[in-house]
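Each residue of the sequence shown is one higher than the one before, starting from 1 at the first, in the working numbering.
Here's the structure, in structure tokens; my notes come after.
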Amino acid sequence: MAREAVPPEIARHAPLAPMYAHRFPLGAAVEPRHLEGADGHLLAWHFNAVVAENAMKPPRLQPAEGRFDFAAADRIVAFAEERGMTIRGHTLLWHEETPDWFWRAPGGGPASGHLVLERLRAHILAVVGRYRGRVHAWDVVNEVVDPAAPGCLRNDRWLQVVGPRYVEAAFRYAHEADPGARLFVNDFETTQPAKRDCLLGLVRDLRARGVPVHGMGHQMHVDVDRPSAREVDGTLAAFAALGLDNHVTELDMSLGPAPRRAPGDETALLARQAARYGEFFRVFAARPDVKAVTLWGLSDADTWLIRGARQGSGDKPLLFDANRQPKAAYREVAGAAR
Ligand code: XIL
Numbered sequence: 001m002a003r004e005a006v007p008p009e010i011a012r013h014a015p016l017a018p019m020y021a022h023r024f025p026l027g028a029a030v031e032p033r034h035l036e037g038a039d040g041h042l043l044a045w046h047f048n049a050v051v052a053e054n055a056m057k058p059p060r061l062q063p064a065e066g067r068f069d070f071a072a073a074d075r076i077v078a079f080a081e082e083r084g085m086t087i088r089g090h091t092l093l094w095h096e097e098t099p100d101w102f103w104r105a106p107g108g109g110p111a112s113g114h115l116v117l118e119r120l121r122a123h124i125l126a127v128v129g130r131y132r133g134r135v136h137a138w139d140v141v142n143e144v145v146d147p148a149a150p151g152c153l154r155n156d157r158w159l160q161v162v163g164p165r166y167v168e169a170a171f172r173y174a175h176e177a178d179p180g181a182r183l184f185v186n187d188f189e190t191t192q193p194a195k196r197d198c199l200l201g202l203v204r205d206l207r208a209r210g211v212p213v214h215g216m217g218h219q220m221h222v223d224v225d226r227p228s229a230r231e232v233d234g235t236l237a238a239f240a241a242l243g244l245d246n247h248v249t250e251l252d253m254s255l256g257p258a259p260r261r262a263p264g265d266e267t268a269l270l271a272r273q274a275a276r277y278g279e280f281f282r283v284f285a286a287r288p289d290v291k292a293v294t295l296w297g298l299s300d301a302d303t304w305l306i307r308g309a310r311q312g313s314g315d316k317p318l319l320f321d322a323n324r325q326p327k328a329a330y331r332e333v334a335g336a337a338r
């Protein structure tokens, strides 16, 4: 995107990131299409950090073994670098998005754990190596914990084929590729006690064995009811006590399931959402261990909560409305910075 003048309907609102610049970078998750037009302006105006919503996931970057496609990811990185924005990397390993070829042996049949780890190393060295010194933090493993599983690791293909050592391996490969990058475990519902205990146990164990893990990524796909800002504060404190950085990696706040929303409720829900966004940001701002906050999208015009199967949900989880105008939530977040 050429750096045309910022349209007045965007420039008339105070940019958010500078209000928090003394505390942490404020980011948004984007697709390449959000770098253009009104979205591009909104992103550059209010945010000083960026993450690829999907463009850096393994099936996008390496759709077939040895065939890399960095075009979309590079566009996001270039946009950020031209504007001095910070870049988070998401993600190197996720059970939902591991390309099928990872699991197949060259001659047919299932790949061995050894081969899968070799492929993981090749993927991580290529990806983290390409963005070495430019992507400052990586979600190395995403959603690997399940409190219902014995041993706390999700019973997915990674565990079944490689065994629990895949987690440690992923961190060691990422560190090898970029010793300066901050490396994160990223997960959802980190305030849920059993889940939190599993995650604390996992990082404690990794660190005790000298594995380079630097922080906990808290997705924070929350809603207007749960969790409380107090619970969030408690969870952040528990990870900080281990000496870890906290990143809020995917923040959005759903209005709740559509069927449970009575007609006429929306005004009250948006007010509640705004108040809770304010409470959350007060917690983030007060905690020195919170080193980055990222919203999972730019505006209510286009978020994962209204795409695909959720189309028609009418959800409005972000700080800017479908016309890219600030919501009450934006005003509360701005207020919480003072
Ligand atoms: C989601 C994207 O927002 C969607 O566009 C995609 O179809 C699926 O993935 N946790 C994560 C993110 O770590 O990668 C997910 O992103 C949302 C949940």
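From the three backbone atoms N, C-alpha and C, an ideal C-beta is built for every residue, glycine too.
If you're wondering where the values come from, they're calculated on a predicted model, not measured in any experiment.
V144 has its alpha-carbon roughly 16 Å from the corresponding atom of P58. Under DSSP, H218 shares a beta bridge with D187 and V248. Distance from the CA atom of L295 to the CA atom of W103, rounded to whole angstroms, is 33 Å.
Considered as a whole, the segment 94-156 harbours 137-142 as its complete beta strand (DSSP E) runs of no fewer than 3 residues, in chain order.
Within the segment 19-53, the complete beta strand (DSSP E) segments at least 3 residues long are 26-30 and 49-52, listed from N- to C-terminus. Taken through DSSP and simplified to helix, strand or coil, R182 comes out as strand. Taking 7 Å as the cut-off, one finds no heavy atom of the ligand XIL near enough to the beta carbon of H41. Taking the Cβ of E250 as the reference point, at least one heavy atom of the ligand XIL falls within a distance shorter than 7 Å.
Per DSSP, reduced to three states, the secondary structure at A64 is strand. By the Cβ-count criterion, N48 is buried, with 16 or more other Cβ atoms from all chains shown falling within 10 Å of its own Cβ. The closest CA to that of E189, considering only T235, P179, R172 and D205, is found on T235. DSSP places V283 inside the alpha helix (DSSP H), whose first and last residues are E266 to A286.
In the structure shown, the three-state DSSP call for V213 is coil. In chain order, E143, R154, D156, R157 and W158 place their CB closer than 7 Å to the CB of H95, counting only its own chain and leaving out the 5 sequence neighbours on each side.
Under the three-state reduction of DSSP, F70 is assigned to coil, being neither helix nor strand.
Bounds of any alpha helix (DSSP H) do not take in T303, whose DSSP letter is neither H nor E. As DSSP reads the structure, D223 sits in a beta bridge with S254.
For E82, the closest alpha carbon among the candidates G108, L92 and G40 is that of G40.
T98 has its CB no nearer than 7 Å to any heavy atom of the ligand XIL.
With contacts defined as CB atoms closer than 8 Å, V224 and Q273 qualify as a contacting pair. Judged by DSSP in its simplified three-state form, H90 adopts strand.
The way I'd put it, the segment 119-128 does touch the segment 55-70; three or more beta-carbon pairs between them come closer than 8 Å.
Here Q219 is buried: its Cβ has 16 or more other Cβ atoms, across all protein chains shown, within 10 Å. Remark: C-beta atoms of V293 and V222 do not approach each other more closely than 8 Å. Between the ligand XIL and the CB of R307, the shortest heavy atom gap is smaller than 7 Å. Under the three-state reduction of DSSP, L202 is assigned to helix. Assigned with DSSP and collapsed to three states, L295 falls in strand. Short note on T91: C-beta closer than 7 Å to some heavy atom of the ligand XIL. If you draw a 10 Å sphere on the C-beta of N186, you find 16 or more other C-beta atoms in it, and that means buried. Here the segment 263-283 makes no contact with the segment 192-207; the two share fewer than three CB pairs at distances below 8 Å. In the DSSP annotation of this structure, the continuous segment of the alpha helix (DSSP H) that includes P8 starts and ends at P8 to A11.
Within the same chain, Cβ atoms closer than 7 Å to the Cβ of A329 are found at Q273, A274, Y277 and L319, the five residues on either side in sequence being excluded. Burial check for E53: the Cβ neighbour count within 10 Å reaches 16 or more, so the residue is buried.
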